[in-house]
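Engineer:
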Amino acid sequence: MKHISNNKLFSFNRLSIATVAAFCLSLSSFSVCADDIKIGLVAALTGPSAQSGESITRGLTVAIDEINAKGGVLGKKIVLVRRDDESSPPKGVVAARELISSEKVVAFFGGIDTPVSLAITPIANQNKVPFMDVWAAGTKITQNGANPNYVFRVSAQDDLVDIALLKYAQQKHGAKKLGLILVNNPWGESNEKGLKSAVAAGGSKVEIVGVEKLEQTDIDVTPQLGRLKSAGADCIILVANAAPGAQMMKSRERMGWKVPVVSHWGISGGRFDELVGETAGDVHFIQTYSFFSKPTEVSKKVMSSLGTHYGVKTPADVIAPVGTANAYDAMQLLAKAIDKAKSTDGDEIRKAMEQIDEYSGLIKNYKKPFSPTDHEGLAPEDYIMVHYEGGKTIPVN
Amino acid sequence: MLEQLCLPLVSGLGVGSMYGLTALGYHVTYRVSKTVNFSQGSSLMLAAVLGFTFQVSLNWSVHLSVLSSLLITALWSMLVERIAVRPFVKNRSDAWLMSTLALGLVLENAVLFLFGKDPRGMPSSWQESYFVIAGLRVSVLQALIPLVGIAISLMLGWILNKTRFGKSLLAVSLNLEAAKIMGINAEQVISFSYAISGLLAGIAGLMIAPIYTVSASMGTLFGIKAFAVAILGGLDSAPGVMFGGVLLGLIEALIITFLGSTYALMFSFGITIVALFIMPSGLFGKKSIKKI
Chain E
1381 MKHISNNKLF SFNRLSIATV AAFCLSLSSF SVCADDIKIG LVAALTGPSA
1431 QSGESITRGL TVAIDEINAK GGVLGKKIVL VRRDDESSPP KGVVAARELI
1481 SSEKVVAFFG GIDTPVSLAI TPIANQNKVP FMDVWAAGTK ITQNGANPNY
1531 VFRVSAQDDL VDIALLKYAQ QKHGAKKLGL ILVNNPWGES NEKGLKSAVA
1581 AGGSKVEIVG VEKLEQTDID VTPQLGRLKS AGADCIILVA NAAPGAQMMK
1631 SRERMGWKVP VVSHWGISGG RFDELVGETA GDVHFIQTYS FFSKPTEVSK
1681 KVMSSLGTHY GVKTPADVIA PVGTANAYDA MQLLAKAIDK AKSTDGDEIR
1731 KAMEQIDEYS GLIKNYKKPF SPTDHEGLAP EDYIMVHYEG GKTIPVN
Chain R
31 MLEQLCLPLV SGLGVGSMYG LTALGYHVTY RVSKTVNFSQ GSSLMLAAVL
81 GFTFQVSLNW SVHLSVLSSL LITALWSMLV ERIAVRPFVK NRSDAWLMST
131 LALGLVLENA VLFLFGKDPR GMPSSWQESY FVIAGLRVSV LQALIPLVGI
181 AISLMLGWIL NKTRFGKSLL AVSLNLEAAK IMGINAEQVI SFSYAISGLL
231 AGIAGLMIAP IYTVSASMGT LFGIKAFAVA ILGGLDSAPG VMFGGVLLGL
281 IEALIITFLG STYALMFSFG ITIVALFIMP SGLFGKKSIK KI
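Protein chains in written order, with this note's numbering: chain E, 1381 to 1777; chain R, 31 to 322.
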């Protein structure tokens, strides 16, 4: 009896091995084989910021398909392995460890949440696995004190965003007296510091007349706005996510106060235009890219690929555009680095990243995007200002 | 200066009335059964989420959406009493404190799963039309909330204290056994009071939805603040509870206006604690004497 069952077991094993092998050989790029190069993603795939995770996935998938169609890197196909952090730092840490130790990813990407990316940064550096930040803007993610530093960013950075917001408020709206409305959390605080030092660096042309805090659960923000109004604010700088930001805009509308509002990009992660209603378009906010920009060879290619994969027909159909754009360029840069390094060793890839010469990307033409001391792929001059118009985010001219 | 003073008054009155309206739900069940549904905030959320689903997602008419969501919320509140309060009260246990809270969390998570975590915006023509007082725009909805709240609190006070029906409700709370002997169906009366409590939370939820955002977590802070308000005003007085709500709303708005938003929560709850220290039964509550 025993002998028969062993035999059965044996044949079952053989069958399953054969099946797996056939699966590997015959199926599309979704299958994972030992020869593939695995790239990880730890991002919010569910929860209030789920759109951001989906958007990053789309950018990565389009880039990976393009790279694989040209024969992959080092003659191997790239495969994406995704993990959901649900916007929670502990879950992000577990996911990052699992990707590094079990999945043996060569490098991995992060999502929208600064706290999650900050928690992952030391893991990337300890394990010498390059970590690409394609959304979270926290300054300390790339400036993390590690040497060598395995964290690179193709996205905006808070300190630089604050300088850009201030400049825009002055140039576009002629702002002289700024009122700040900041969400009451570490992100709001870091921007308060950034904005204050940006103002200090800008001389006496502009001053901050009031700093007001916004709770995630605030219903009526008219008392805060009233304080800024009576302090003489002629422009508001907003740092908040979609829901509290919307409460601020609804209160502004109720007051009938037509003060210009310039905002960080937190409001673009949810349904800001639905929550605010008519005045959503009054907010001018920062982005790294808009699919409404003048088409280029690269953007045409990306749009057509987004159409094939996700049914995207017009730029307005691209959800959370910065995620897709940043992720696309970052993946292309990473592939270039792996090719240049001629190896999948983390340290070799890091060195190669710092030596990339040129790449004509979606957002811009990158020239020496990274160096051993500078891991920011984008600079303030790459930022653009947009606003909502009929459910689309369109550049402000 | 006039505007600086009017802004917090209008804002505080509006937000405070929402607290008061939600807190009236605690008052009703407390008057009748000396128990409360601690997840009143979840009932408020349920009504708002249902209202949004019926009106926006399913395109039902406003009247039908409002009526259906209020009805379902009242039924939910009765269910809370049936499974999370009655069994424990029967065994003379205070575990309903925990079980009502737990049931609220179950509801919140179910909504999270079914409705999604994304906050949604509820359209309302009442929110868009407004009138101007002292240079300040006040939306019709903003003005309606205090009016509805005050009217309901006065009506509840009158029904409970002056009518025969109200007295039969109170009889249950005074002496359950005696009330039963006198032919009052105590269980039905308590169940009914929970339905009213759910209805009040539902009205609050539907009125708040267009001003706030609709999401599974929208009721949590409301529930906590409303309970603070109910205690502050005096749990056994309907106008007191409403007054407590308006008071907390005004205190919050005035603190933000004159001291800044950083300290608002700390100060408003601090003042509530001090007030309770001085008047333990709340501003309008009667001292209760418990014979052991």
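Built from N, CA and C at the ideal position, the CB exists for glycine as well.
(1) Using the beta-carbon of each residue, which ones in chain R are nearer than 7 Å to Asp-1464/E?
(2) Compare the Cα-Cα distances from Val-259/R to each of Leu-51/R, Leu-105/R, Leu-37/R and Leu-35/R and report the closest residue.
(3) Decide if the stretch 1468 to 1488 of chain E is in contact with the stretch 1700 to 1709 of chain E; the criterion is three or more beta carbon pairs, one per stretch, under 8 Å apart.
(4) Below 8 Å, how does it come out for the stretch 97 to 104 of chain R and the stretch 230 to 238 of chain R: are there three or more Cβ pairs, yes or no?
(5) I'd like to check one pair, Asp-1415/E with Lys-1456/E: are the Cβ atoms closer than 7 Å?
(6) Quick check: Ser-1467/E and Asp-1493/E, are their CB atoms within less than 7 Å of each other?
(7) For a test of the three-state rule: what should DSSP assign to Leu-1407/E, helix, strand or coil?
(8) Near Arg-1462/E, what residues of its chain come up, given a Cβ to Cβ distance below 7 Å and the 5 sequence neighbours on each side ignored?
(9) The beta strand (DSSP E) with Ala-1487/E in it runs from where to where?
(10) Can you give me the Cβ contacts of Phe-314/R inside the same chain, cut-off strictly under 6 Å, excluding the 5 residues immediately before and after it?
(11) Please report how far the alpha carbon of Val-1563/E lies from the alpha carbon of Leu-105/R, in whole angstroms.
(12) Residues of chain R with CB closer than 7 Å to the CB of Gly-1568/E, please, in chain order.
(13) When the Cα of Leu-277/R is compared with those of Glu-138/R, Phe-143/R and Ala-305/R, which residue comes out closest?
(14) Give the single residue among Gly-71/R, Met-75/R, Gly-290/R and Val-58/R whose Cα lies nearest to the Cα of Pro-1603/E.
(15) In chain E, which residues lie less than 9 Å from Pro-149/R when you measure between Cβ atoms?
(16) Based on DSSP bridge pairs, tell me the residues matched to Pro-1775/E.
(17) Determine the burial state of Gln-1667/E: buried for a count of at least 16 other Cβ atoms within 10 Å of its Cβ, exposed for fewer.
(18) I want to see whether chain E comes within less than 7 Å of Gly-46/R, judged by CB atoms only; does it?
(19) Determine the burial state of Ser-41/R: buried for a count of at least 16 other Cβ atoms within 10 Å of its Cβ, exposed for fewer.
(20) In angstroms, rounded to a whole number, what distance separates the CA positions of Pro-1528/E and Val-1766/E?
(21) Pair every Cβ in the stretch 1646 to 1663 of chain E with every Cβ in the stretch 1623 to 1634 of chain E, then say whether three or more of these pairs are closer than 8 Å.
(22) Hey, which unbroken runs of the alpha helix (DSSP H) at 4 residues or more fall wholly within the stretch 46 to 107 of chain R?
(23) Within 7 Å (strictly less), CB to CB, does Glu-1592/E reach chain R?
(24) Buried or exposed: which applies to Arg-194/R, given that a residue is buried once 16 or more other Cβ atoms fall within 10 Å of its Cβ?
(25) Does the beta-carbon of His-5/R have 16 or more other beta-carbons within 10 angstroms, so that it is buried, or is it exposed?
(26) In whole angstroms, what is the alpha-carbon distance linking Val-1682/E and Ser-159/R?
(27) How would you write the range of the beta strand (DSSP E) that Ile-286/R sits in, first residue to last?
(28) At a Cβ threshold of 7 Å, is Gly-1636/E touching chain R?
(29) Pull the bridge partners of Leu-1560/E from the DSSP assignment, please.
(30) Is the beta carbon of Glu-1446/E within less than 6 Å of some heavy atom of the ligand NAP?
(31) Can you grab the Cα-Cα spacing for the pair Ile-1554/E / Asp-1600/E, in whole Å?
(32) Can you list, in chain order, the residues of its chain with a C-beta nearer than 7 Å to that of Leu-1742/E? Leave out the 5 residues immediately preceding and following it.
(33) Given a limit of 7 Å on CB to CB distance, which residues of the stretch 232 to 249 of chain R reach chain E?
(34) How many angstroms separate the CA atom of Lys-1520/E from the CA atom of Gly-1606/E?
(35) Using a Cβ-Cβ cut-off of 7 Å, state whether Thr-302/R counts as contacting chain A.
(36) Taking Thr-1676/E as the reference, give the member of Asp-1598/E, Glu-1761/E, Asn-1745/E and Gln-1551/E with the closest Cα.
Structural biologist: Judging by the given coordinates:
(1) Numbered from its first residue, the first sequence carries residue 1464/E at position 84. Listed along the chain, the chain R residues whose CB falls inside 7 Å of the CB of Asp-1464/E amount to none; the nearest CB is some 13 Å away.
(2) Reading the second sequence from its first residue, position 229 is the one you call residue 259/R. Comparing Cα positions, the closest option is Leu-51/R.
(3) Contact between the stretch 1468 to 1488 of chain E and the stretch 1700 to 1709 of chain E is absent: fewer than three C-beta pairs spanning the two stretches fall below 8 Å.
(4) yes
(5) The count along the first sequence starts at 1 and reaches residue 1456/E at position 76. The count along the first sequence starts at 1 and reaches residue 1415/E at position 35. It is a contact, given that the beta carbons lie within the stated cut-off.
(6) As a working note, residue 1467/E is residue 87 in the first sequence. As a working note, residue 1493/E is residue 113 in the first sequence. Against a cut-off of 7 Å, the Cβ pair of Asp-1493/E and Ser-1467/E comes out as a contact.
(7) In the first sequence, the residue the question calls residue 1407/E occupies position 27. With a pLDDT of only 45 at Leu-1407/E, under 50, the local geometry of the prediction cannot be trusted, and the value read off the model is given with reservation. Coil.
(8) Indexing the first sequence from 1 puts residue 1462/E at position 82. Excluding positions up to five away in sequence, the list reads Leu-1421, Leu-1425 and Thr-1437.
(9) Indexing the first sequence from 1 puts residue 1487/E at position 107. Per DSSP, Ala-1487/E belongs to the beta strand (DSSP E) from 1487 to 1490.
(10) Here residue 314/R is taken as the residue at index 284 of the second sequence, counted from 1. If we look at Phe-314/R and ignore the five residues flanking it on each side, its Cβ neighbours are Gly-263, Gly-264, Ser-267 and Gly-270.
(11) Residue numbering aside, residue 1563/E sits at position 183 when the first sequence is read from its first letter. Residue numbering aside, residue 105/R sits at position 75 when the second sequence is read from its first letter. C-alpha separation (whole angstroms): 38 Å.
(12) Position 188 of the first sequence, counted from the first residue, corresponds to residue 1568/E. In chain order: nothing, as chain R lies at least about 11 Å away.
(13) Counted from its first residue, the second sequence places residue 277/R at position 247. The shortest C-alpha separation from Leu-277/R is found at Ala-305/R.
(14) Reading the first sequence from its first residue, position 223 is the one you call residue 1603/E. Pro-1603/E has its Cα closest to that of Gly-290/R, out of Gly-71/R, Met-75/R, Gly-290/R and Val-58/R.
(15) Start at 1 with the first residue of the second sequence, and residue 149/R comes out as number 119. Pro-1428, Ala-1622, Ala-1623, Ala-1626, Gly-1650, Arg-1651 and Leu-1655, listed in chain order.
(16) One-based indexing of the first sequence puts residue 1775/E at position 395. Answer is Val-1766/E.
(17) As a first step, residue 1667/E is located in the first sequence; it is residue number 287 there, counting from the start. Buried, because 16 or more other Cβ atoms sit within 10 Å of the Cβ of Gln-1667/E.
(18) Here residue 46/R refers to the residue found at position 16 when the second sequence is read from its first residue. No, its Cβ sits nowhere closer than 7 Å to a Cβ of chain E.
(19) Start at 1 with the first residue of the second sequence, and residue 41/R comes out as number 11. So Ser-41/R ends up on the buried side.
(20) Mapped onto the first sequence, residue 1528/E falls at position 148. Mapped onto the first sequence, residue 1766/E falls at position 386. About 36 Å.
(21) yes
(22) 70 to 82
(23) Here the question's residue 1592/E lines up with position 212 in the first sequence. Answer yes: the Cβ-Cβ gap between Glu-1592/E and chain R drops below 7 Å somewhere.
(24) Here residue 194/R is taken as the residue at index 164 of the second sequence, counted from 1. Per the 10 Å Cβ criterion, exposed.
(25) For residue 5/R there is no data in the structure shown, the boundaries of chain R being 31 and 322.
(26) Taking the first residue of the first sequence as 1, we reach residue 1682/E at position 302. Taking the first residue of the second sequence as 1, we reach residue 159/R at position 129. About 44 Å.
(27) Counted from its first residue, the second sequence places residue 286/R at position 256. Where Ile-286/R is concerned, there is no enclosing beta strand (DSSP E), although the alpha helix (DSSP H) it sits in stretches over 268 to 289.
(28) Within the first sequence, numbered from 1, the residue matching residue 1636/E stands at position 256. It does; some Cβ of chain R falls within 7 Å.
(29) Start at 1 with the first residue of the first sequence, and residue 1560/E comes out as number 180. DSSP, once it has assigned bridges, lists Val-1591/E and Ile-1617/E as partnering Leu-1560/E.
(30) In the structure shown, the ligand NAP is absent, as is every other ligand, since no ligand is present at all.
(31) Residue numbering aside, residue 1554/E sits at position 174 when the first sequence is read from its first letter. Residue numbering aside, residue 1600/E sits at position 220 when the first sequence is read from its first letter. The sequence shown places Gly at residue 1554/E, not Ile. So the alpha carbons of these two residues sit roughly 28 Å apart.
(32) Indexing the first sequence from 1 puts residue 1742/E at position 362. Closer than 7 Å at Cβ, skipping near neighbours: Tyr-1669, Val-1678, Ser-1679, Val-1682, Ala-1705, Tyr-1708 and Asp-1709.
(33) Flagged, chain order: Ile-241, Tyr-242 and Thr-243.
(34) The residue given as residue 1520/E occupies position 140 in the first sequence. The residue given as residue 1606/E occupies position 226 in the first sequence. In this structure, the straight-line span from the alpha carbon of Lys-1520/E to that of Gly-1606/E is close to 34 Å.
(35) Note that chain A does not occur in the displayed structure, where the protein chains are E and R.
(36) Counted from its first residue, the first sequence places residue 1676/E at position 296. Answer by Cα proximity: Asn-1745/E.
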